[in-house]
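If you count the sequence shown from 1, position 182 lands on 182 in our numbering, and the numbers rise without skipping.
What follows is a single structure, written as structure tokens, with notes after it.
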Amino acid sequence: MYELSPSILSADFNCLGEQLALLEREGCRWVHIDVMDGMFAPSISYGMPVIQSIRKNSRLFFDIHMMVEEPGRYVQAMKESGADLLTVHAEACTHLDRTLSAIREAGMKAAVALNPATPLEAIRYVYDKLDMVLQMTVNPGFGGQSYIPAMTEKIRELRKRLDEAGYQKVDIEVDGGVNQKTLDAVLEAGASIIVAGSAVFKGDISANIARFREKIGTYAQGKEG
Ligand code: DX5
Ligand code: ZN
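Dropping the structure here:
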């Protein structure tokens with residue numbers, strides 16, 4: 001499955017509802033929502049009250065990226081706020097297996113995120129609990145950082161390991177520094193869910209989305225026929 005998941009961390013919060021409506025009008029199906037606690041990630045963003053509020057006027061698939069210590073504490077609250085998919089960091093969970101199970105039991109899709117330096121080994125024994133793996137392609141915390149080139153090889157290796165273990169259906173999401181210049185490399189390496197913050201919300205949002213969707217669509221057609 002191929003999707004663009006625009007990250008609202010780079011949106012204009014003064015008119016967040018309108019920007020979400022624009023994403024829908026431009027054909028997006030997903031939206032990426034970064035929750036940061038000022039501990040796991042150096043910055044603080046937004047949490048349940050904001051998610052609850054935007055849920056009321058949006059039919060987008062809410063792709064929630066928890067950059068929070070022990071995110072297992074918020075599984076139920078996130079479900080009630082309107083999350084469709086919850087991604088937790090392997091580095092932030094003492095009991096990763098338990099937290100992933102709890103996400104599915106609560107009725108959401110479950111995903112695990114890996115920081116750039118975290119070995120792929122960290123998720124080897126939880127493949128069966130996953131709908132998606134989020135590979136960070138910058139260090140968590142801020143929009144507008146540069147893509148870390150070594151991540152291309154890591155994505156390729158992750159895709160290979162999932163496929164060899166029989167988990168072809170587990171998608172790889174990439175997050176950080178993805179723009180028109182780096183998009184080809186991540187698609188080529190095996191990513192299919194593409195997060196983009198500044199590359200969507202800076203400048204002409206509609207034109208930016210069109211460019212992403214065209215490239216991703218063409219690539220998906222070539223792959224899926
Ligand atoms: C970074 C966040 C990203 C961020 C990406 O910690 O997880 O989702 O919004 O922003 P860009 O696409 O500008 O690198
Ligand atoms: Zn993110």
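Quick reminder that beta carbons are idealized off the backbone N, C-alpha and C, glycines included.
If you measure between the beta carbons of residue i and residue j, is that distance less than 8 Å?
{"i": "residue 9", "j": "residue 58", "result": "no"}
{"i": "residue 33", "j": "residue 61", "result": "no"}
{"i": "residue 176", "j": "residue 136", "result": "yes"}
{"i": "residue 212", "j": "residue 194", "result": "yes"}
{"i": "residue 79", "j": "residue 48", "result": "no"}
{"i": "residue 134", "j": "residue 158", "result": "no"}
{"i": "residue 27", "j": "residue 55", "result": "no"}
{"i": "residue 148", "j": "residue 138", "result": "yes"}
{"i": "residue 3", "j": "residue 25", "result": "no"}
Buried or exposed for residue i, going by 16 or more other Cβ atoms inside 10 Å?
{"i": "residue 72", "result": "buried"}
{"i": "residue 5", "result": "buried"}
{"i": "residue 129", "result": "buried"}
{"i": "residue 173", "result": "buried"}
{"i": "residue 89", "result": "buried"}
{"i": "residue 242", "result": "Not covered by the structure: residue 242. The range shown for the chain is 1 to 225."}
{"i": "residue 154", "result": "buried"}
To the nearest angstrom, how far is the alpha carbon of residue i from that of residue j?
{"i": "residue 169", "j": "residue 131", "result": "8 Å"}
{"i": "residue 87", "j": "residue 93", "result": "11 Å"}
{"i": "residue 114", "j": "residue 91", "result": "7 Å"}
{"i": "residue 286", "j": "residue 102", "result": "A query on residue 286 cannot be resolved here, the shown segment of the chain reaching from 1 to 225 and no further."}
{"i": "residue 43", "j": "residue 66", "result": "12 Å"}
{"i": "residue 116", "j": "residue 16", "result": "29 Å"}
{"i": "residue 219", "j": "residue 75", "result": "34 Å"}
{"i": "residue 210", "j": "residue 162", "result": "30 Å"}
{"i": "residue 64", "j": "residue 85", "result": "6 Å"}
{"i": "residue 164", "j": "residue 18", "result": "43 Å"}
{"i": "residue 200", "j": "residue 77", "result": "29 Å"}
{"i": "residue 178", "j": "residue 12", "result": "19 Å"}
{"i": "residue 21", "j": "residue 145", "result": "26 Å"}
{"i": "residue 202", "j": "residue 156", "result": "29 Å"}
{"i": "residue 106", "j": "residue 99", "result": "11 Å"}
{"i": "residue 217", "j": "residue 23", "result": "16 Å"}
{"i": "residue 38", "j": "residue 97", "result": "24 Å"}
{"i": "residue 225", "j": "residue 50", "result": "39 Å"}
{"i": "residue 150", "j": "residue 188", "result": "14 Å"}
Tell me, please, whether the CB atom of residue i is closer than 8 Å to any CB atom in chain B?
{"i": "residue 46", "result": "The question asks about chain B, but that chain is absent: this structure has only one protein chain."}
Enumerate in chain order the residues of its own chain whose CB-to-CB distance from residue i is below 7 Å, with the five nearest sequence positions on each side excluded.
{"i": "residue 167", "result": "127"}
{"i": "residue 215", "result": "183"}
{"i": "residue 7", "result": "32, 34, 143, 195, 196, 197"}
{"i": "residue 52", "result": "81, 82"}
{"i": "residue 118", "result": "90, 91"}
{"i": "residue 208", "result": "199, 200"}
Please check the pair residue i and residue j, which I expect to be a contact at CB under 8 Å, by giving their CB distance rounded to whole angstroms.
{"i": "residue 197", "j": "residue 143", "result": "4 Å"}
{"i": "residue 1", "j": "residue 171", "result": "6 Å"}
{"i": "residue 152", "j": "residue 112", "result": "Residue 152 to residue 112, Cβ: 20 Å. No contact."}
Excluding the 5 residues preceding and the 5 following residue i in the sequence, name in chain order all residues of the same chain whose CB lies nearer than 6 Å to its CB.
{"i": "residue 40", "result": "67, 68, 69, 92"}
{"i": "residue 104", "result": "110"}
{"i": "residue 206", "result": "26"}
{"i": "residue 223", "result": "none"}
Please go through the same chain and pick out, in chain order, the residues whose beta-carbon is closer than 8 Å to the beta-carbon of residue i, but skip the five residues on each side of it.
{"i": "residue 95", "result": "72"}
{"i": "residue 125", "result": "97"}
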